[in-house]
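Written below as structure tokens is the structure these notes are about.
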Amino acid sequence: MSHWMDTLALECRRLFLRDHVVDVQIGAHDFEKGVTQRLIFNVELFVPYAHSTPVADRLDEVVDYDFVREVIAARIAHGHIELQETLCDDLAAQLLAHPQVRAVRLSTQKPDVYPDCAGVGVEVFRMKGANA
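For the sequence shown, the working numbering begins at 62 and goes up steadily by one.
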């Protein structure tokens, strides 16, 4: 494991949204235009304990899970997206822009493309001060 992964593991809380299924207008092929496809999102946010350890047990002391869902919904609302790579990069940048988030791991998966596999997808990992 690299030094920065060790640091994240030791200094950050990992928040996650797993298997969030959304109908998305996505695809580069003609048959994918004008229709929606199921897309499965998996998101991990790495938030330093200093920014995610509640003192008063209140929601405003932590990063709210709704933030992740809202970022995804807002990006999808912009209309058709050609590539999963574009979508992942856009979402990772928006999530990483949150002042409390130090790193983001995000994947999208199309589960209905091929009948002989669970899905095809893309995963990105972005960290503040790296991967720019």
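Every residue, glycine too, gets a C-beta built ideally from N, C-alpha and C. Given the structure is predicted, the values throughout are model-derived calculations rather than measurements.
Pairing C73 with I87, the inter-Cα distance amounts to about 33 Å. For the 8 Å CB-CB criterion, I101 and G180 form a contact. E143 sits in coil when the DSSP states are folded into three classes, being neither helix nor strand. Rounded to the nearest whole angstrom, the C-alpha separation of A111 and Q161 is 9 Å. For D80, there is no enclosing alpha helix (DSSP H); the residue is part of the beta strand (DSSP E) that begins and ends at C73 to V85. If you look at V132, you'll find it in the alpha helix (DSSP H) that goes Y126 to I137. Taking C-alpha positions only, T147 is separated from R187 by approximately 14 Å. Residue state for A70 is assigned as helix, using DSSP reduced to three classes. Linking C149 to V116 through their CA atoms gives a straight-line distance of about 33 Å. Rounded to whole angstroms, the separation of the alpha carbons of G95 and N103 is 25 Å.
Taking the C-beta atoms as reference points, L120 is found no nearer than 8 Å to L76. R187: member of the beta strand (DSSP E) spanning V181 to M188, first to last residue. Beyond the five residues adjoining it in sequence on each side, L144 comes within less than 7 Å, by CB distance, of A89 in the same chain, given in chain order. Between V83 and I137, the gap from beta carbon to beta carbon is short of 8 Å.
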